[in-house]
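*Asks:*
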Amino acid sequence: MRDLELLAPARNADIGIAAIDCGADAVYIAGPDFGARKAAGNPVTEIARLCAYAHRFGARVFVTFNISLRDGEEPLMHAQMLEAQEAGADAFIIRDTAPLGWKDITVPLHASTQCAIRSVADAQRYAQAGCARIILERELPLETIRAICNAVSCEVECFVHGALCVCYSGECRLSEYLDGRSADRGDCIQACRSRYDLLDGTGKILMHDKALLSLRDLDLHGRLDDLAGAGVTSFKIEGRLKGEDYVRNLVRLYSEALDHLVETRPGACRRASFGSVEHRDFTPDPAKTFHRGYTQLFLDGVRQRGWSSMDAPSFAGEKAGTIRSIEKKGPATQLRLCLEKGIVLHNGDGFTFLCGGELTGFRGDVCSGDTLLCRAPEGLREGMTLYRNADSAFLKKLESASFRRAIAVSLDVSLSGDTLHLEAESEDGRRCEGAYRIGAEEAHNRERQEELIRSQLSKRALHYNFAVRKLRTVEGSALPLISAGTLNEMRRDMAAKLDAMPVRARKLHHPDRPGVIPAVPAGASSPLMRSKYCIRFELGLCPVHQGASDSGKLFLLNNNRRLALGFDCKACEMTVSPATFY
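Under numbering that gives the first Met the number 0, think of the first position of the sequence shown as 0, with each following residue one higher.
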């Protein structure tokens, strides 16, 4: 039976715990240094706290060591790995291959997406070197993913949601070229979200002030069945810089989708951790969470227009309506809207609008029907489209959902004389017993007493949901009177006994590591960026697929810095390189 894992991002331990509560099978988090998000480091003590919580449910914690190392840094990274391993980390996500030869690093090693694994040959190099898992590039078609899964014995992990780098991961030097801050060191300036002019070879401006390299966000929550069918083991949500609301909403979305997948394949697959999630009425909605518009990118192996978010490289939100009128109401401004179908405004909603190519935001202080009162920012005009990027009612519901995770426990109950015997079995296979002396007073209503025993023992205690599976009593004999409080104490005692036993977690794939470092084929001098995304195709200018006339040389211009675009039509890829002249 295959174990399928939902892997969630954790900027810190609290967000990691929230992800576990919402149904994640594993979380990935950075330690103090060496993670590919410089702003998301965590002390080892926090790693230990997160591990202790996750392991209650057989969930895993993966620690990222996925930057490009500089000379002399190996000893410090080695020391931090040993500390994280001691703290309970279940695996390390690596980019540099040195840890493959460190015998005292005994947890599995996962080859990061920064290793740029996008072919069978790439995958086999890391698998043969002893990586327990490989994390694929985001731009791969399902056909290639299936071929890779069939060609390796290690686990395969794919991103299914979140922000997309325009370039192949681990092969971007644009940030370092423009600002001296290296994406390979976790310090990317996100130059792909910047605005550029597009120029032809004569210097003519073809497009002005657009985020021409900015992609929409990935959303594959409806394609998990296809990915699982191709052999993918782990489904990864991007976002180690995102907040708790983002993580909780998306983890619920994907956890529910993965639960449905498991239900449709009985006996073939199961979730990689234990426990079900309880919450007050809440329906996840990816439209309510930060995104730049959504795409499935190249999963179907078909290049389509609409991959980019060049007009709004940040979160505009859902379309709320068009501004019908604007008038001053004392110190506030009153807006009346022609609302989009299905939109209901709430006090405190956040709104955005595009003005001069820039996205501007403001808060709707009082919202009623099609009217909102606000402190209007500069540039707001009648006829403009208004978007909502913060739905206060949705956020309140998300906050009040009170997500709690609990492991199912089956309880067998039997009465023998003045002793009540309990036998508990958790869903992960732990067993414990308890024998409790009870009083001699007889219950006057046998049926009511049996129902009390079932109801009081079939409740939550600690992070366990107890359910009486069998209740054996001697037919015809007197049934002793047992109070609800006494039964609750018994249930809590059984929970404590289970909690003293380690969860019988699913085993992670952990192959031998021969210590052979995978050789990366030498190539020609690399461009600043190589991408499956193509500006020429996005704008309808592709001579191969769209029959357009050859546009000749094309350049990007930003702050008097020119970048040359290259087009490898055989590979159907675009490159970005330095350019100092036309």
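In this text, a Cβ means the ideal position worked out from N, Cα and C, and glycines have one as well.
Because the structure is a prediction, the values reported are computed rather than measured.
Quick one, are the C-beta atoms of Glu446 and Leu470 less than 8 Å apart?
*Replies:* no
*Asks:* Would you report the Cα separation of Phe314 and Pro8, rounded to the nearest angstrom?
*Replies:* So the alpha carbons of these two residues sit roughly 19 Å apart.
*Asks:* Over the uninterrupted alpha helix (DSSP H) stretch that includes Val261, give me the two end residues.
*Replies:* Glu243 to Thr263
*Asks:* Cβ of Ala407 within 8 Å of Cβ of Ser275?
*Replies:* yes
*Asks:* With 16 other CB atoms within 10 Å as the buried threshold, where does Pro501 fall?
*Replies:* exposed
*Asks:* Among His508, Gly316 and Thr44, whose alpha-carbon lies nearest the alpha-carbon of Pro31?
*Replies:* Thr44
*Asks:* DSSP beta-bridge partners for Thr509?
*Replies:* The question names Thr, but residue 509 is His in the sequence shown. DSSP lists no partner for His509.
*Asks:* Please look up how many angstroms separate the CB atoms of Tyr27 and Val159, rounded, as I've assumed it's under 8 Å.
*Replies:* With a Cβ gap of about 14 Å, Tyr27 and Val159 do not count as contacting.
*Asks:* So what does DSSP say about Ile534, is it helix, strand or coil?
*Replies:* Under the three-state reduction of DSSP output, Ile534 falls in the helix class.
*Asks:* DSSP beta-bridge partners for Leu410?
*Replies:* Ala423 and Val467
*Asks:* How many whole angstroms separate the CB atoms of Ala229 and Arg145, which I take to be in contact at a CB cut-off of 8 Å?
*Replies:* 4 Å
*Asks:* Please identify the residue among Asn558, Phe536, His544 and Ala439 whose C-alpha is closest to the C-alpha of Leu564.
*Replies:* Phe536
*Asks:* Using a Cβ-Cβ cut-off of 6 Å (strictly less than) and excluding sequence neighbours within five positions of Ala256, which residues of its own chain qualify?
*Replies:* His220 and Leu223
*Asks:* Between the segment 85-103 and the segment 50-68, do at least 3 Cβ pairs fall closer than 8 Å?
*Replies:* yes
*Asks:* Measuring straight from C-alpha to C-alpha, what distance separates Arg404 and Asn248?
*Replies:* Each residue's CA atom was taken as its position, placing Arg404 and Asn248 some 15 Å apart.
*Asks:* Which first and last residues belong to the alpha helix (DSSP H) in which Lys395 is found?
*Replies:* Ser391 to Ser399
*Asks:* If you draw a straight line from the alpha carbon of Cys366 to that of Glu398, how long is it in whole angstroms?
*Replies:* 21 Å
*Asks:* Please work out which residues of its chain come closer than 7 Å, Cβ to Cβ, to Ser550, disregarding the five sequence neighbours upstream and downstream, and give them in chain order.
*Replies:* Asp199, Arg535 and Leu540
*Asks:* Run through the segment 125-204 for me and flag every whole alpha helix (DSSP H) of 4 or more residues, listed as ranges in chain order.
*Replies:* 141-150 and 173-178
*Asks:* Of all the options Leu419, Cys354, Asp95 and Ile481, which has the alpha carbon lying nearest to the alpha carbon of Asn444?
*Replies:* Ile481
*Asks:* Please state whether DSSP places His238 in a helix, a strand or coil.
*Replies:* Strictly speaking, residue 238 in this sequence is Gly, with His absent from that position. Three-state DSSP puts Gly238 in coil, outside helix and strand.
*Asks:* Would you say Ala319 touches the ligand GDP, meaning its beta carbon is less than 7 Å from a heavy atom?
*Replies:* Questions concerning the ligand GDP fall outside what the structure shown contains, since it holds no ligand whatsoever.
*Asks:* Please name the residue or residues paired with Pro577 in a DSSP beta bridge.
*Replies:* DSSP, once it has assigned bridges, lists Leu562 as partnering Pro577.
*Asks:* Based on DSSP bridge pairs, tell me the residues matched to Leu344.
*Replies:* Per DSSP, Leu344 has no beta bridge partner at all.
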